[in-house]
Every structure is written in C-alpha cells, then in structure tokens.
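Asker: Just so you know, we're using this note's numbering here: the sequence shown kicks off at 7 and counts up by one.
Cβ coordinates follow ideal geometry from the N, Cα and C atoms, glycine included.
A quick note: this is a predicted structure, and the numbers were derived from the prediction, not measured.
Can you keep this structure in mind? I'll have questions shortly.
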Amino acid sequence: MIEVTKINGAKMMINPSIIEVIEETPDTVLTLTTGRKLILKESSQEIRNLVKTWNKEVFCTTIG
C-alpha cells in the first residue's frame, strides 16, 4: 500500500495495483480500476516514485 494525500488533507492508503490512470489537470487525478477517482496533493511524478518504491519492496521481499 502507498500513502497519498487527498486534496482536503486527509491521508489514505491505496493499493497501487489498482491504479489505472494518473492525470494532472492541474490537480493530480488518480483513476482506479474500480472507476473511483481521487484528487490528490501529490504530483504524478511523486505517485510514480511511490509506486516504484512499493514495487521494489514487494519484489525484493518475495524473491529475497
């Protein structure tokens, strides 16, 4: 799970496996495979970095 911040300041944890689309309009809008849309404070690059870090943690603990 990665922690993100909604536009109202509320923190939440999401499963990066269900992220379908990341848009900047100029706010960052995350669309999940469930159809739910989230407006976030983090930039799309920050989300990408969080997902990369999460993937490294998952695959390193699974393989190692």
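At what residues does the beta strand (DSSP E) containing Lys47 begin and finish?
Answerer: The count along the sequence shown starts at 1 and reaches residue 47 at position 41. It is not in any beta strand (DSSP E) - Lys47 carries neither H nor E in the DSSP assignment.
Asker: Could you give the C-beta distance for Lys47 and Leu36, rounded to a whole number, given that I count them as a contact under 8 Å?
Answerer: Locating residue 47 in the sequence shown gives position 41, counting from the first residue. Locating residue 36 in the sequence shown gives position 30, counting from the first residue. Lys47 to Leu36, Cβ: 11 Å. No contact.
Asker: Check Thr59 in the structure and name its three-state DSSP category.
Answerer: Counted from its first residue, the sequence shown places residue 59 at position 53. It is helical.
Asker: Alpha carbon to alpha carbon, how far is Cys66 from Trp60?
Answerer: For the purposes of this step, residue 66 is taken as residue 60 along the sequence shown, with counting starting at 1. For the purposes of this step, residue 60 is taken as residue 54 along the sequence shown, with counting starting at 1. The straight-line gap from Cα to Cα measures roughly 10 Å.
Asker: Compute the beta-carbon to beta-carbon distance between Ile20 and Ile8, rounded to the nearest angstrom, for a pair I have assumed lies under 8 Å.
Answerer: Numbered from its first residue, the sequence shown carries residue 20 at position 14. Numbered from its first residue, the sequence shown carries residue 8 at position 2. That pair is a contact at about 6 Å.
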